[in-house]
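In UniProt numbering, the protein residues as written are 1 to 184. For every residue, glycine included, the Cβ atom is placed at its ideal position computed from N, Cα and C. Working notes for the structure below.
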């Protein structure tokens, strides 16, 4: 019996999920009908949380899907792909999301043109952590970042600097009549 290789596809991401440390959904975006109802989605999320929240690894195969994940303080970030998907591609999406949120939510003083506070105080630079409270206060940035990284399951961007820049540009409420040609 000949086994045919999986047909290549741009649709690499099946879902992006962020859960809190109790396994409750903070953000979930599914890009196909693997789990069509909210009830099935929540059951899947509960399953991946129970299998991953005490684990130090970064990848799991659950229910025929590849799950890459990362935790930060009180959050768990998941990117889901098919069992045949390239784990490195899914990890690139996960790292891009995490690093973009880290930069956006820490209130980077350099982006505001202020001096680096850790240079003046002789402390190290701020750690790359994202907390639930800060994330909930900035959900619009999360939605914009995910939309810049993945669209309909297709990976658009894996560079966090580009994502942060695009989210900042899209977040500005500049009327169309006052925008420059490069902003349009």
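Assigned exposure category for residue i - 16 Cβ within 10 Å defines buried
{"i": "residue 50", "result": "exposed"}
{"i": "residue 119", "result": "Because the pLDDT of residue 119 is 41, which lies under 50, any placement of that residue in the model is unreliable, and the question is left without a value."}
{"i": "residue 103", "result": "buried"}
{"i": "residue 137", "result": "exposed"}
{"i": "residue 94", "result": "buried"}
Cut-off 6 Å between Cβ atoms - residues of its own chain near residue i, not counting five sequence neighbours on either side
{"i": "residue 113", "result": "Interpretation of residue 113 is limited by its pLDDT of 42, a score under 50 that renders its predicted location unreliable; no figure is taken from the coordinates."}
{"i": "residue 91", "result": "68"}
{"i": "residue 100", "result": "145, 160, 163, 164"}
{"i": "residue 16", "result": "29, 79, 146"}
Same chain, Cβ closer than 7 Å to residue i, five either side skipped, listed in chain order
{"i": "residue 64", "result": "83"}
{"i": "residue 10", "result": "154"}
Top-ranked residue by Cα proximity to residue i, from the options
{"i": "residue 167", "options": "69, 147, 53, 47", "result": "147"}
{"i": "residue 153", "options": "61, 38, 70, 80", "result": "80"}
{"i": "residue 169", "options": "141, 155, 158, 156", "result": "141"}
{"i": "residue 74", "options": "47, 44, 135", "result": "135"}
Limits of the unbroken alpha helix (DSSP H) element including residue i
{"i": "residue 39", "result": "38-52"}
{"i": "residue 191", "result": "An answer regarding residue 191 cannot be provided, because it is not within the stretch 1 to 184 covered by the chain."}
Collapsed DSSP secondary structure at residue i in the structure displayed
{"i": "residue 17", "result": "strand"}
{"i": "residue 147", "result": "helix"}
{"i": "residue 67", "result": "strand"}
Continuous beta strand (DSSP E) stretch holding residue i: start and end
{"i": "residue 133", "result": "Counting along the chain, residue 133 falls outside any beta strand (DSSP E), though it belongs to the alpha helix (DSSP H) covering 132-137."}
{"i": "residue 260", "result": "The structure shown has nothing for residue 260, since the chain only spans 1 to 184."}
{"i": "residue 196", "result": "The chain is shown from 1 up to 184; residue 196 falls before or after that span and cannot be answered."}
{"i": "residue 28", "result": "25-30"}
{"i": "residue 76", "result": "75-82"}
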